[in-house]
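The working numbering numbers the first residue of the sequence shown as -12 and each following residue consecutively. Backbone N, C-alpha and C define an ideal beta-carbon position, used for all residues, glycine too. Note that the structure is predicted; figures quoted are calculated from it, not measured.
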Amino acid sequence: MTFGVYQEKLHYEKTNPLLWLYDKLFPLPAVCPVCMKPQARLGVCEKCRAEVLRKRSMYGQCKRCSSFGVYSDACRNCREWPAYYRGNIAIWPYQGAYKQVIKEFKFHNMPWLADALAQEVLLYLPEGYELLVPVPLHANRLQERSYNQSELLVRSLSRMSRMPWQNCLERVRDTPHQTGLGRAERLQNLHNAFDLHKGVNVQGKKIILIDDVFTTGTTLLSCARVLHQHGAKEIASCTLASGQARF
Ligand SMILES: [Zn+2]
Ligand SMILES: [Zn+2]
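Next comes the structure, spelled out in C-alpha cells:
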C-alpha cells in the first residue's frame, strides 16, 4: 500500500460563507490536542508526529495489522485473516497522551476533534480504494454518546480526501463490552453482531473501514467479513491507534 497521496488533495472549505461564519463564532482552541502546545490552529504538531515515528521504531509495528510491539509481517492478531482483508493501518500507539485524546474524542463529547484526528489518518490513507465505511455503534450506544466517533472521522476524512463514504453497516446486536475478553471470546461475542444496511450495494467495491482503536482486530474482522459476504472485493482498515500485541 502506498501512502500520502490524499494529503495533496486536502482542500479547505474556504468558499463556504456559512462555515466561515461558524468558525468565527465558535473558534476551536488553537493547540496541538496531544501536547496542548499553542499553535496557529487546532492540529497535531510536528513534534508529536515525530514522537510517534520514534515509538514506531522503538517498539516495532506489525506490517499487516499495525499492532505495536511486533517486528514481523503478521502477528497473532492478524495471522489468520482472510486474503480479502488486506491489513490495518494504525497511526498512534494506544498509550499516554495519544490514548487520552482518543478517549476525550469518544467519551467526553468533543466531536470537534474529528478534523484534527482525521488529518493524521489522512497522511496514511492507502491508495487504490473507493469507499470509506465507519464501524457502526449499536443504536443504544449511539443514544448514550450522541455520536459515533468513527462516523465523525469518516465524514472529515471524506471531505479531506474527496473519497465518498457510506454508512453501509449496522450493529444488529448490542454486544457486551469487549474489554477484558480474550481473542476467542471477543470473536464469539461479535458473532452476527453486524449486518449490511438494507438496500446498500457493496458488490465489487474496494473499501476502507475506519475505527478509533484496534485492539485484537476482531471488530474490524467481523465488519470486513460482512462486507465480503455481500460481494466487496477488497477491504482494508485505518484506525487512530492500536494496542500492544498479545503473545
Ligand atoms: Zn504536540
Ligand atoms: Zn499483526
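Exercise for the section: Kindly indicate which three-state DSSP category N179 falls into: helix, strand or coil? Expected result: coil
Exercise for the section: Give the straight-line distance between the Cα atoms of F234 and K90, rounded to the nearest whole angstrom. Expected result: Confidence is the limiting factor: at F234 the pLDDT is only 47, short of 50, which leaves the residue's position unreliable, though a coordinate-based value still follows. Roughly 25 Å separates the two Cα atoms.
Problem - Euclidean distance between Cα positions of V18 and P69 - result: 41 Å
Handout entry: Which listed residue (M97, L196, C155) has its alpha carbon closest to that of V246
Key = Because the chain is modelled from -12 through 234, residue 246 falls outside the range shown and cannot be assessed.
Practice task
Could you check which residue in S59, L214, L208 has the C-alpha nearest to that of K185?
Solution key: L214
Practice task
Could you tell me the distance, in whole angstroms, from the CA atom of E33 to the CA atom of Q26?
Solution key: 11 Å
Practice task
Following the continuous beta strand (DSSP E) through R73, name the residue where it begins and the one where it ends.
Solution key: 72 to 80
Problem - E221, DSSP secondary structure in three states - result: strand
Handout entry: Stretch-stretch touch, CB-based, cutoff 8 Å, three pairs: the segment 148 to 156 with the segment 169 to 187
Key = yes
Practice task
Return yes when the C-beta of C35 is under 7 Å from any heavy atom of ligand 1, and no when it is not.
Solution key: yes
Problem - Reference L168, options S143, N135, G204, L139, closest by Cα - result: G204
Handout entry: Distance CB(L100)-CB(S148) smaller than 8 Å
Key = no
Handout entry: Whole-Å CB distance - A223 paired with R73, under 8 Å assumed
Key = 5 Å
Handout entry: Residues near V159 by beta carbon distance below 6 Å, same chain, minus five either side
Key = D182
Practice task
Have a look at S54 and G47 and give me their C-alpha separation to the nearest angstrom.
Solution key: 8 Å
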